[in-house]
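Single-structure report; data block below.
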Amino acid sequence: MGKNEKASETSELKREGRKRKRREEEQEMRRMKEKMVEMEKTLKTALDEIANQKESNWCTAFTMWDFGFLCADTESDSGSESENSSCGDELETPKAHAEKFLGEDPKDKKEKKLVINEVLVSRINEYLKAGLQKDLKDGIIEGTPRIGEEINLEPPELNGEIAYGLNEAARKRDEHFRESYKMAGTAIACIATAISRFFEEDEAPIDRDEVMQLMANTMMMLGEIMYLNTVARRAFITPAYDKKFKEILEKSDSGKLLFGEKLVTEHEFGKLEAAVEKRGGIDEPQEEFLQLKRLKEQRPISFKSNVHTNTVNVVVSREIQILPERTAIEESDPLAGVTAFVNCSDAMRKAFEKQGFSDSVLEIITASLADSTKKQYDSALKNWWTFCTNNHQGPFEPEIKTVVEFLAGKFKEGASYSTLNSTRSAISLIVSKDLQHEPILHRFFKGIFRLRPTAPKYSKTWDVNVVLDKLASWFPLDSLSLKLVMLLALGTGFRAQTLSLIKIEEISITSSTVEIKVKDLIKTSRPGAQQPFACIPFFRGKPSICIASTLVHYLKITRELRKDENLLFICYKKPYNGANVQSIRRWIKSVLKNCGIDKSFTRTVRVMHRHRQHIKKDLI
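Each residue of the sequence shown is one higher than the one before, counting from 1 in the UniProt record's numbering.
See the structure below:
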């Protein structure tokens, strides 16, 4: 109970304290309102006196107002009188007093101009036009300390792990920003040191020459920064134009306008207007036309020469080609907008997006390649992407020289003719040029063939009798799945992919034959080409190796196991799902291995090749 009473007493004291504080705040607010009312009255009296132009009465009114405004918090009468008298000692005219609150009269306001000694003007203009000499700039930067006890004006160093992944162009851009930062840091260090000398005047006399040199160094550093900024702006803009106009822009001198005031002549502007009219007008005004028109309207353009000046009127070709902003960025930086490589499909989408195709078109184009082909191209395009990034080349619009250099590098690494040809096909998917008909590439691949001739894919084969004898011994039920796969591979020449796609509903069984149709697309499917089809007769004389009989028997044995599975071949282990292409390949390799065939032949493509070696029908 004692603790509860103590807590209650404490809570009551807090409530009383809050109430007391609120009462004090309300009293303070009332006092402030009364003062504001009094101030408004005195202000109104002062303004009335100003309007009546009564100087003597105005001074009294001003003193009253000033006294009420400045001395509102004064409580002692003596203090008020002393403040009042002090205010009266510094009287102002009505105009000056009004300017305190209303500002200067706009009519009296004059435009401020920069006034600099002519000795400095000529030097500053030279800094802005041509920059500093290298020796002078390096001397100022090296002679100015930029690191103190509590300040560091040096540019931050690039992280080593970041620098490792940058290409040469990115490193150069970073170095440019780093140098600009260093020059700005030098300028700040110089002017800050000069200002510090004035704070230290009591401790040591100011060295006038030192301060002048520091301020001069600051001026030169800032001039160099402005010059380099102008150079960078021009370098970013000029690639947006055609070659002829670009040369004119590079020769022009910057002034009030970035490329000079005399860039386009009135005569040339008239030729451009005539050319537009000759085309029958334009539905939507082109940007180059509007730019020149605005230029003509904003300032007079004289095409008369003046021998007393250094101004040169530049004649501009009327075939000025102004490219879109996006193109300008891409030409100034080939890697602009290029992201990290993802896969073949992503690279294809980006390549055709650059050509302006819609998403629906992109979906169809990317579906033109089989998944296996995309996987094959992934490695080639990834290497191409890395090569372009390291050499600061755009992967979508490279020069032919870049493509040849890339392929030559892969050839030195040991790539075969077929690998390089596949790589060229992969690159052709995403570049804007037709690499298949480039004369230099055609000549390049001829040279590769002579230096590294391609060997025949199959110089020898294996004895099919060995396999057939082995299969004949698996009768009637032993290793039925392996036997049927091998017989179909030998008898039809189907690839493992095709065998894995055979469906029961696509098998037609008659009294004399078994017909198999494969409707799914396979690797060798082409527009207008026939899909895989096989018509297999029954060979009653040799039922142990009869393909049709083995297939019918396989269907009968697996009927209860397959349930709803529609694929012909099913796994011989639970849950008896359809066998994929990897399983089919593994089964064929297992049969060849059991038959003692050399492992160099244990590829399913070589089984298909053996089928094409004119096997005699009496063997089957």
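Cβ coordinates follow ideal geometry from the N, Cα and C atoms, glycine included. Keep in mind that this is a model prediction, so the values were computed, not measured.
Item to complete: Could you give the DSSP three-state label for Gly578: helix, strand or coil?
Response: strand
Worksheet item: Which runs of the beta strand (DSSP E) spanning at least 3 residues fall entirely within the region 394–437, listed in chain order?
Response: none
Discussion item. Looking only at its chain, what residues have a beta carbon closer than 8 Å to the beta carbon of Glu284, apart from the 5 residues adjacent to it on each side?
Written reply: With a pLDDT of 45 at Glu284, under the threshold of 50, the predicted position of this residue should be treated as unreliable, and no value is reported.
Discussion item. On a Cα-Cα basis, can you pick out the residue from Pro395, Val403, Lys172 and Ile502 that is closest to residue 622?
Written reply: Since the first residue shown for the chain is 1 and the last is 620, residue 622 is missing from the structure and cannot be characterised.
Fill in: Close beta carbons around Leu407, own chain, < 6 Å, minus the five adjacent residues each side
Leu420
Worksheet item: From Ile504 to Asn566, what distance separates their C-alpha atoms?
Response: 6 Å
Discussion item. Nearest by alpha-carbon distance to Ala192: which of Met219, Asp202, Ser180 and Glu203 is it?
Written reply: Met219
Practice prompt. Could you tell me the distance, in whole angstroms, from the CA atom of Ala415 to the CA atom of Asp434?
Written response: 22 Å
Worksheet item: Under three-state DSSP, which class holds Phe387?
Response: helix
Practice prompt. State the Cα-Cα distance for the pair Leu369 and Phe411, rounded to the nearest angstrom.
Written response: 26 Å
Discussion item. Any contact between the region 337–347 and the region 367–386? By contact I mean 3 or more CB pairs, one from each, below 8 Å.
Written reply: yes
Worksheet item: From Glu90 to Lys41, what distance separates their C-alpha atoms?
Response: Below a pLDDT of 50, predicted positions are generally treated as unreliable, and Glu90, at 49, falls in that range; no measurement from the model is reported.
Discussion item. Please return the same chain residues whose Cβ sits closer than 8 Å to the Cβ of Lys182, not counting the five positions on each side in sequence.
Written reply: Ile141, Arg146, Glu154 and Pro155
Discussion item. Using CA atoms only, rank isn't needed, just tell me which of Pro205, Ser254 and Gly578 is closest to Asn229.
Written reply: Ser254
Discussion item. Using a Cβ distance threshold of 8 Å, determine whether the region 208–225 contacts the region 129–136, with at least three qualifying pairs required.
Written reply: yes
Worksheet item: Do you know offhand how far Val581's Cα is from Arg178's?
Response: 57 Å
Item to complete: Let me know the secondary structure DSSP gives Cys535 once reduced to three states.
Response: strand
Fill in: For Asn465, the residue or residues it bridges with in DSSP
In the DSSP output, where bridge partners are listed per residue, Asn465 has none listed.
Worksheet entry | Other residues of its chain near Pro300: CB distance less than 7 Å, five sequence neighbours each side excluded | Legend: pLDDT at Pro300 = 43, less than 50; position of this residue unreliable, no value from coordinates given.
Worksheet item: How big is the Cα-Cα spacing for Arg586 and Cys388?
Response: 40 Å
Worksheet item: Of the residues Leu451, Arg450, Gly491 and Pro453, which one's Cα is nearest the Cα of Val467?
Response: Gly491
Item to complete: Would you identify the three-state DSSP class for Val514, choosing helix, strand or coil?
Response: strand
Practice prompt. Please report the residue range of the beta strand (DSSP E) in which Ile509 lies.
Written response: Ile507 to Ile509
Discussion item. In this structure, how does DSSP classify Lys563 when only helix, strand and coil are distinguished?
Written reply: coil
Worksheet item: Distance, Cα to Cα, Arg22 vs Glu38?
Response: 25 Å
Discussion item. Check for me: the alpha helix (DSSP H) holding Tyr127 runs from which residue to which?
Written reply: Glu118 to Ala130
Worksheet entry | C-alpha distance - Glu413 paired with Ala170, whole-angstrom precision | 27 Å
Worksheet item: Can the beta-carbon of Val514 be found closer than 8 Å to that of Leu551?
Response: yes
Worksheet item: Got a sec? Which residues, its chain only, sit under 7 Å from Thr366 by beta carbon, not counting five neighbours each side?
Response: Ser345, Met348 and Arg349
Discussion item. Considering only the alpha carbon of each residue, which of Leu249, Leu451 and Tyr554 lies closest to Val485?
Written reply: Tyr554
Worksheet item: Considering Asp138, what are the terminal residues of the alpha helix (DSSP H) in which it resides?
Response: Lys134 to Gly143
Item to complete: Taking Lys401 as the reference, give the member of Lys593, Gln497 and Phe444 with the closest Cα.
Response: Phe444
Worksheet item: Looking only at DSSP bridge pairs, what is Lys503 linked to?
Response: Leu567
Worksheet item: Run through DSSP, which three-state label would Asn229 get?
Response: helix
Worksheet item: What residue ranges within the region 152–225 form continuous alpha helix (DSSP H) runs of no fewer than 4 residues, ordered along the chain?
Response: 160–164 and 168–199
Worksheet item: What is the DSSP secondary structure of Ile597, counted as helix, strand or coil?
Response: coil
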